[in-house]
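Colleague: Just so you know, the sequences run in chain order A and B. 4 is the number that numbering that gives the first Met the number 0 gives to position 5 of the first sequence; each next residue is one higher, with no gaps. 32 is the number that numbering that gives the first Met the number 0 gives to position 33 of the second sequence; each next residue is one higher, with no gaps. Note that CB positions come from ideal geometry on N, CA and C, so glycine has one too.
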Amino acid sequence: MNISHSTLSRRDFMKGLGLAGAGLGAVAASAPVFHDVDELTSLGSNVNKYPWYVKERDFKNPTVEIDWDTLERPNANNFKSHPRPSAADFTAAGVVGGNMTDLETPAEALALYDYCEKEFPGWDKGYAGAGDIRSTALDNACKFMMMGQWPAEIYQGGKRINVRNAILAAGGTATFSSFLGPQAATTIRPQDFGAAKWQGTPEENFKTLRNAFRFLGCQDVGCAEIDNDTVKFFHKIKGAGSGFNTGEAGGKQIAFKDIDEAYETADEYAIPNKCKYIITFTARQSFEGTRRQAGITESFSVWYCYARYVKMICHMQEFIRGLGYQCLNMSGLYFSNPLSVITGLGEHGRMSSPAIHPKNGTTNRANGWALLTDLPVAPTNPIDFGAYKFCETCGICADACPFGLIQKGESTWENPAAAKNGLAQGQFKGWRTNNTDCPHCPTCQGTCPFNSTSQSFIHDMVKATTTNLPMFNGFFANMERFMEYGRKPQWEFWDIEQPTYGFDTTA
Amino acid sequence: MYFIGLAVGAVFALSIYWLIKQNKKITWWQWLIALIATIALFAAVQHFYGSLAENDTKAAWVGMGIFGIIAVILGVVDWRLIAGNKEKV
C-alpha cells in the first residue's frame, strides 16, 4: 500500500512536542536574558565577545562571595617580601645560574630541578637552570626593559653606558613607567590650546578605550567605579619592589583625596576622588610558551608580557591625557584578582592570584591590570562561566604546585595563609596562595583546564556544560588529567608553528 | 575541516546510496540513531584534528577512540536494524 499521509501517531506527535519543548526550555535557561531597552542601547551584555555560555552577574555580586564589611584596604602587597639570597648563596647551594633566579630560595630552586626532571624525563636544567639554551636565551632577551626598568649597562655609541644610573643621578626613578605617566612634551592636551576635552557618553568612552587597548595589543577591557567597597582592593601603601619604580624601598602612602589633579611626592601617591573609574585589561601570554615553562623561573612568555604591557600602559596614559583627562598607573598598588573579577574579566579560582578568563584561562599575565581615570567610562559586570564551581572539585593546580602553596579543598572564608600573605580572615569565600613563599615558579599557570584553546569542539562543549551543569565537573577534571592537557615538554616549543605573539589575536 | 567534511560526506553519501538501493521503510528512531552516529563521527574527526592542532596528541587519540567507537557501534546497529525492515511497497 502506498502511504501518502503521515504515519505519526498522536502519541508520537505529543512525545516529539515534549522533547522539542524541553530542548527550547534548556536553550532559554542558558541563553543571555534580555531585560530592557536601556540595556540594549547601553554597552550590551557582551562587550568583550565572550562565548555564549558566559553569563553576566550584578555589580559587586561575583561568583566568589565577598564580605564587604569585613574587607579592608590592605597595607601593601607582601609579594617578594622575604629577603633575597645572593647569587653566591645560590652557587654555594649547588644552584646553577645564580643570576637567573627570580624569587625562589636555593632550596626551592633545587626542588624545581627535581620536579621538572621527574615531570619531563630528559629535561635538562641547562647552564642557567631555566632549561635548554634556546629557552634560556629567549628568557633573557625578553627581560630587556621588563617592568619598565631602565637598562643598566648597554652599548650606546660604541660605549658601555649605565642608563639606569644616569637617570637615577638625574633624579629619575628605576623605571620609565610611573604613577602619573610619561606626560611627554609631545603629548599635548586640548585644554592647553583652549580646545574642549573629548566629550563622549560613558558607553562611547568605553568603546574608545577598548579600541585603543586592542590596537596596542591587549584583548579584553573591563571597568568599574570606585566606591566605599571597591576602594578596598587598593593598597594603603606601596610595597617594595612591586609595580613601577621597582628600585624603591616602598612605603609611600596611596591616598584618595578631594583634589583636582593627581600628584606624587616623596611619600605619597595622591589620587583625586574624581578619578573613580577603574579600567582593567588582559595581558595575554603565549599559550604554548606558558604551558612549556620549566626550571627555576617562569618564562619568556611572562617576561615579554612585563616588557610589552608596561610600555602599553604608558601609551594608554598618554592617549587618555591626549583626550584631556587624567590616567593613573596603579601597577603594584592593588590586588589584580578581585579587580579582574569585579570588572568581568574573569572568575576567582583556586590559583587565586590570576583570575580565570573565559577564553584564556590563566594564560593572561595577572589577568586584570588596572588604571584609574576621570574619563567617565561605562561599567562592565562580573561574569559567570562556571569556573569558580569547577575549581571546587578540580584542584589540578594545587596538586601540581611543587611547594604545596596553593590552597587545597573546598573554598573557605578562613585564610590558611594569613600569617604569610597578611590578608585578614573572613573577607571572601575562596582560595588563597601563600604569595610570600611562592617563588613564581613555572608550574601552576600552565595546568588550568580553562587554558584550552577552542580548536577541538570538546573544550567549548565542556565549558558550556560546566557553566550550566556543575555535577559533571569532577568527571571533566578527571578527563583533563587522563587526556594529559596542561603542561608539555619545554623543548617542543621550538618545533611548533605558532601565531604572532603566541596567541590567536582574533579572539 | 577539509578531512572532516570529506569523511562525513563520504559516509553520508554511502549511507544514502545504500538506503535507496535497499528500498526499506525506516522508522523515526532509526533516523535518530543514524543522526547520532553521524554526529559522533563528525565529533571523532573534528576532535582528532583539532587536538592535533592544539598539540595535545593523547587527547586526540583518546577522543577519536571514544567518539569513533560510539559512531561505529550506533552505525552498525542501525544498519542491521534497517536491513531487517520490510521493503517499501
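Starting from the beta carbon of T452 (chain A), find every residue of chain B whose beta carbon is closer than 7 Å, and list them in chain order.
Modeller: E53
Colleague: Hey, is Q29 (chain B)'s beta-carbon within less than 7 Å of any beta-carbon in chain A?
Modeller: no
Colleague: Taking one C-beta from the stretch 483-490 of chain A and one from the stretch 120-131 of chain A each time, how about it: are there three or more such pairs within less than 8 Å?
Modeller: yes
Colleague: Can you confirm whether A58 (chain B), when its beta carbon is compared against all beta carbons of chain A, has any partner nearer than 7 Å?
Modeller: Closer than 7 Å: yes.
Colleague: According to DSSP, is G360 (chain A) helix, strand or coil?
Modeller: G360 (chain A) falls in the strand class under three-state DSSP.
Colleague: Under 9 Å Cβ-Cβ, which residues of chain B neighbour I556 (chain A)?
Modeller: There is simply no residue 556 (chain A) to check, as chain A begins at 0 and stops at 506 in what is shown.
Colleague: Can you pull the DSSP bridge partners for A223 (chain A)?
Modeller: Bridge partners of A223 (chain A): A:I277.
Colleague: Say whether the stretch 46-65 of chain A touches the stretch 380-393 of chain A, bearing in mind that this needs 3 or more beta-carbon pairs closer than 8 Å, one atom from each stretch.
Modeller: yes
Colleague: Tell me whether the beta-carbon of F119 (chain A) lies closer than 7 Å to the beta-carbon of S177 (chain A).
Modeller: S177 (chain A) sits away from F119 (chain A), with the two beta carbons spaced by 7 Å or more.
Colleague: Are I355 (chain A) and G343 (chain A) closer than 7 Å when you measure CB to CB?
Modeller: In this structure, I355 (chain A) lies away from G343 (chain A), with their beta-carbon atoms at least 7 Å apart.
Colleague: Quick check on DSSP: helix, strand or coil for T319 (chain A)?
Modeller: According to the sequence displayed, residue 319 (chain A) carries Ile and not Thr. If DSSP states are grouped into helix, strand and coil, I319 (chain A) belongs with the helices.
Colleague: Terminal residues of the continuous alpha helix (DSSP H) containing I355 (chain A)?
Modeller: Following the DSSP letters along the chain, one finds I355 (chain A) in no alpha helix (DSSP H), marked with neither H nor E.
Colleague: Only counting the same chain, and skipping five residues up and downstream in sequence, which positions put a Cβ closer than 7 Å to that of D35 (chain A)?
Modeller: Low confidence applies to D35 (chain A): its pLDDT is 46, below 50, so where it sits in the model is not reliable enough to give any reading.
Colleague: Report the rounded CA-to-CA distance for F449 (chain A) versus Q21 (chain B), giving the unit in angstroms.
Modeller: 48 Å
Colleague: Could you check if I81 (chain B) is buried or exposed, using at least 16 other CB atoms within 10 Å of its CB as the buried criterion?
Modeller: buried
Colleague: Can you grab the Cα-Cα spacing for the pair P271 (chain A) / P415 (chain A), in whole Å?
Modeller: Rounded to whole angstroms, P271 (chain A) to P415 (chain A) spans 36 Å at the Cα level.
Colleague: Quick one: what does DSSP say W368 (chain A) is sitting in, helix, strand or coil?
Modeller: strand
Colleague: For G49 (chain B), which residues in chain A fall below 7 Å Cβ to Cβ?
Modeller: Per Cβ cutoff of 7 Å: Q454, S455 and F456.
Colleague: Within 10 angstroms of its Cβ, does A306 (chain A) collect 16 or more other Cβ (buried), or is it exposed?
Modeller: buried
Colleague: Drop a sphere of 10 angstroms on the beta-carbon of G20 (chain A), count the other beta-carbons inside from all chains shown, and report buried for 16 or more, exposed for fewer.
Modeller: In this predicted model, G20 (chain A) has a pLDDT of only 49, less than 50, meaning its place in the structure is not dependable enough to derive any value.
Colleague: If the cut is a Cβ gap below 9 Å, which residues of chain C does G62 (chain B) touch?
Modeller: The displayed structure is made up of protein chains A and B, and chain C is not among them.
Colleague: For F481 (chain A), count the other beta carbons within 10 Å of its own beta carbon; 16 or more makes it buried, fewer makes it exposed. Which is it?
Modeller: exposed
Colleague: Taking 7 Å as the threshold (C-beta atoms), are A36 (chain B) and G74 (chain B) in contact?
Modeller: Result yes, Cβ atoms of G74 (chain B) and A36 (chain B) sit closer than 7 Å.
Colleague: Can you tell which of A:W302, A:A108, A:Q198 and A:S85 has its C-alpha closest to the C-alpha of P401 (chain A)?
Modeller: Ranking the options by Cα distance to P401 (chain A), first place goes to A:A108.
Colleague: Taking the Cβ atom as the reference point for each residue, do K256 (chain A) and D266 (chain A) lie within a distance shorter than 7 Å?
Modeller: no
Colleague: Nearest to L338 (chain A) by alpha carbon, out of A:K310, A:L404 and A:F280?
Modeller: A:F280
Colleague: Is it a yes or a no for the stretch 450-465 of chain A touching the stretch 43-63 of chain B, going by three-plus beta-carbon pairs under 8 Å?
Modeller: yes
Colleague: Three or more C-beta pairs closer than 8 Å, one from the stretch 178-192 of chain A and one from the stretch 316-329 of chain A: is that the case here?
Modeller: yes
Colleague: Can you tell me where the beta strand (DSSP E) holding R514 (chain A) begins and where it ends?
Modeller: Nothing can be reported for residue 514 (chain A): it is not among the residues displayed for chain A, which extend from 0 to 506.
Colleague: Out of curiosity, what's the CA-to-CA distance linking F33 (chain A) and D55 (chain B)?
Modeller: Note on F33 (chain A): pLDDT 43, under 50, position unreliable in the model; no value is reported.
Colleague: List the residues that DSSP assigns as beta-bridge partners of Y268 (chain A).
Modeller: A:I253 and A:E263
Colleague: Can you tell me which of the three DSSP states T435 (chain A) falls into?
Modeller: coil
Colleague: Do T289 (chain A) and G445 (chain A) have their C-beta atoms closer together than 7 Å?
Modeller: yes
Colleague: Three-state secondary structure (DSSP) at C396 (chain A)?
Modeller: helix
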